[in-house]
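Position 323 of the sequence shown, counting from 1, maps to 322 under numbering that gives the first Met the number 0, and the rest follow consecutively.
Just so it is clear, CB atoms sit at the ideal spot from N, CA and C, and this is done for glycine as well.
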Amino acid sequence: MSFRVKLTLLIAVAIAVTVSGASFALWVVAKHQLLGQVDQTLQQQASVIAHSGGHSPGPLDQTGLYYLSAPDGDTTGQPLLLTNDARAVKPGHVSYLNTTIHGYHFRELAAGLVPTGRLVVAEDLAPTDKALDRIRFWIFLIGGIGVALAAALAAFVAAAALRPIRRLTAAAETVAATGNLSERVAVAGDDELGRLATRFNAMLAVLERSVGAQRRLVADASHELRTPLTAARTNVDLLREGRLPEDEQRHALDETSVELDALTRLVSDLVELARGEERQLRIEDVQLDDLVASVVERAQARAPQVTFVTALSRTQVHADPILLERAVSNLLDNAVKYSPDGARIEVTVRRGEVIVQDHGPGIAAEDLPRVFDRFYRAAAARSKPGAGLGLAIVREAAEAHGGTATAETSSSGTRFRIALPVGA
Numbered sequence: 000m001s002f003r004v005k006l007t008l009l010i011a012v013a014i015a016v017t018v019s020g021a022s023f024a025l026w027v028v029a030k031h032q033l034l035g036q037v038d039q040t041l042q043q044q045a046s047v048i049a050h051s052g053g054h055s056p057g058p059l060d061q062t063g064l065y066y067l068s069a070p071d072g073d074t075t076g077q078p079l080l081l082t083n084d085a086r087a088v089k090p091g092h093v094s095y096l097n098t099t100i101h102g103y104h105f106r107e108l109a110a111g112l113v114p115t116g117r118l119v120v121a122e123d124l125a126p127t128d129k130a131l132d133r134i135r136f137w138i139f140l141i142g143g144i145g146v147a148l149a150a151a152l153a154a155f156v157a158a159a160a161l162r163p164i165r166r167l168t169a170a171a172e173t174v175a176a177t178g179n180l181s182e183r184v185a186v187a188g189d190d191e192l193g194r195l196a197t198r199f200n201a202m203l204a205v206l207e208r209s210v211g212a213q214r215r216l217v218a219d220a221s222h223e224l225r226t227p228l229t230a231a232r233t234n235v236d237l238l239r240e241g242r243l244p245e246d247e248q249r250h251a252l253d254e255t256s257v258e259l260d261a262l263t264r265l266v267s268d269l270v271e272l273a274r275g276e277e278r279q280l281r282i283e284d285v286q287l288d289d290l291v292a293s294v295v296e297r298a299q300a301r302a303p304q305v306t307f308v309t310a311l312s313r314t315q316v317h318a319d320p321i322l323l324e325r326a327v328s329n330l331l332d333n334a335v336k337y338s339p340d341g342a343r344i345e346v347t348v349r350r351g352e353v354i355v356q357d358h359g360p361g362i363a364a365e366d367l368p369r370v371f372d373r374f375y376r377a378a379a380a381r382s383k384p385g386a387g388l389g390l391a392i393v394r395e396a397a398e399a400h401g402g403t404a405t406a407e408t409s410s411s412g413t414r415f416r417i418a419l420p421v422g423a
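Okay, here's the thing in structure tokens:
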């Protein structure tokens with residue numbers, strides 16, 4: 000059974016229950032009103048009979064039958080009217096009863112007279128029963144028609160209400176069948192279903208970007224991995240042949256070591272980037288200036304041809320120290336790569352920011368927007384070592400902590416900035 004049929008049945012059942020309840024209530028009210036009118040007539044008749052001492056009753060097929068017994072035992076009227084329920088009425092009490100006499104349906108008023116008398120007045124209920132039968136017939140007829148119309152309207156309402164769901168289902172089935180993540184659902188309105196369609200489109204867009212990024216990562220990684228692997232394999236093959244002079248053997252070993260180091264760094268960067276949002280950060284209080292000072296010290300040891308100048312203000316942030324250290328180290332390595340020998344690299348820490356200023360050639364205007372993209376390397380940088388992943392890790396590290404990574408360039412060099420929330 001489809002959800003549309005289920006919804007239609009549920010709506011129809013709900014309406015049927017409501018109509019039935021309303022019809023029953025109408026029936027009870029109508030019956031109460033009609034019997035109330037009969038009871039008023041019986042009260043009037045009983046009052047007249049009690050005050051007049053009785054008179055001859057009519058035949059059984061007429062209304063106004065009565066039975067009156069006096070305390071001295073004298074009776075007037077029809078003894079058949081004195082049913083067991085009527086006899087049970089205590090002196091001084093009045094009871095209204097429904098009874099059948101000779102096949103006729105009567106409404107009785109039974110009153111207990113002090114000390115032992117009885118007054119029973121009966122009214123024929125044939126007109127009342129006919130009126131109730133007509134009311135019941137019309138209730139069933141109109142109620143049945145109403146339920147049928149309600150079921151038809153329920154089907155129409157369910158179809159209209161589920162139309163956006165059908166569009167979502169069709170889009171999901173298309174994506175599942177074709178793998179086309181560019182599929183989108185038309186959004187009509189801003190109700191719950193409209194917001195669901197909007198979120199569905201947003202989910203597809205995120206998924207499309209994620210899958211696209213994965214495909215680009217695989218393609219770019221395979222390209223970047225091929226170069227050091229090919230070079231290392233060539234050198235190993237030459238060494239295995241054993242026909243190289245000793246100095247060329249040492250040169251081949253040195254090149255192989257360099258390529259393997261590059262391959263190790265590339266694989267490490269790829270693993271770091273592949274973790275992405277699944278990375279579990281180990282957040283703790285980090286003294287940012289101390290962390291940067293330690294990274295600068297190691298970078299200076301690796302690159303004695305440049306000079307690091309620091310201005311480190313006391314700043315504490317909540318961050319993953321390992322990931323943050325990696326990001327700062329990448330910024331410093333990038334600055335070293337594009338700085339001439341003897342150049343100064345200025346490192347500043349203030350109010351949750353890490354700023355690295357080099358004095359290299361700068362970044363071309365057309366390359367600046369993509370400088371943090373994975374595997375992106377400007378034309379001027381392709382002769383430099385690296386795979387274009389260092390700055391991508393910098394941006395992801397900053398964003399993982401709720402911060403930003405930006406780059407500015409000028410004729411005097413490039414300034415990179417990591418901005419982190421202070422104390423957050």
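Worksheet entry | 6 Å Cβ shell around Asp84 - same chain, five flanking residues per side excluded | Excluding positions up to five away in sequence, the list reads Leu96.
When you compare the CB positions of Val335 and Thr309, do they come within less than 9 Å of one another, or not? The Cβ-Cβ distance between Val335 and Thr309 does not fall below 9 Å.
key: Buried or exposed (CB count within 10 angstroms, at least 16 for buried), Phe415   = By the 10 Å Cβ count, Phe415 comes out buried.
_Cα-Cα separation between Thr173 and Leu167, rounded to whole angstroms_ = Note on geometry: alpha-carbon atoms of Thr173 and Leu167 lie some 10 Å from one another.
Should Phe139 go down as buried or exposed, given a rule of 16 or more other Cβ atoms within 10 Å for buried? Around the beta carbon of Phe139, fewer than 16 other beta carbons sit within 10 angstroms, so the residue counts as exposed.
DSSP on Leu9, reduced to helix/strand/coil?
In the structure shown, Leu9 adopts helical secondary structure according to DSSP, grouped into three states.
Per-residue DSSP class, three states only, for Gly102: DSSP places Gly102 in coil when its eight states are reduced to three.
query: Hey, Trp26 and Ile134 are a contact pair by Cβ (cut 8 Å); roughly how many whole angstroms apart?
result: Contact between Trp26 and Ile134 is confirmed by a C-beta separation of about 7 Å, below the 8 Å threshold.
Q) Is the number of C-beta pairs between the region 119-133 and the region 26-45 that are closer than 8 Å three or more? A) Yes: at least three Cβ pairs fall under 8 Å.
(request) Answer yes or no: do Glu352 and Leu419 have a C-beta to C-beta separation smaller than 9 Å? (result) Yes, Cβ-Cβ distance for Glu352 and Leu419 is below 9 Å.
Problem - Span separating the alpha-carbon of Tyr337 from that of Gln304 - result: Here the C-alpha atom of Tyr337 lies approximately 12 Å from the C-alpha atom of Gln304.
request  = If I'm right that Asp288 touches Leu311 with Cβ under 8 Å, what's the distance once you round it to whole angstroms?
outcome  = Yes, Asp288 and Leu311 are in contact; Cβ-Cβ is about 4 Å, under 8 Å.
For this session: Report the partner residues of Val355 according to the DSSP bridge assignment.
Result: Answer is Val346 and Phe415.
Quiz item: Ordered along the chain, which non-local residues of its own chain (more than five positions away) have a Cβ less than 7 Å from that of Ser410?
Solution: Only Gly361 meet the Cβ criterion.
Item checked: Residue(s) in a DSSP beta bridge with Asp284 -> Paired residue(s): His317.
Could you check where the beta strand (DSSP E) with Glu407 kicks off and where it finishes?
-> Segment Thr403 to Ser409, the beta strand (DSSP E) holding Glu407.
Helix or strand or just coil, what does DSSP make of Pro420? In the structure shown, Pro420 sits in coil (DSSP, three-state: anything other than H, G, I, E or B).
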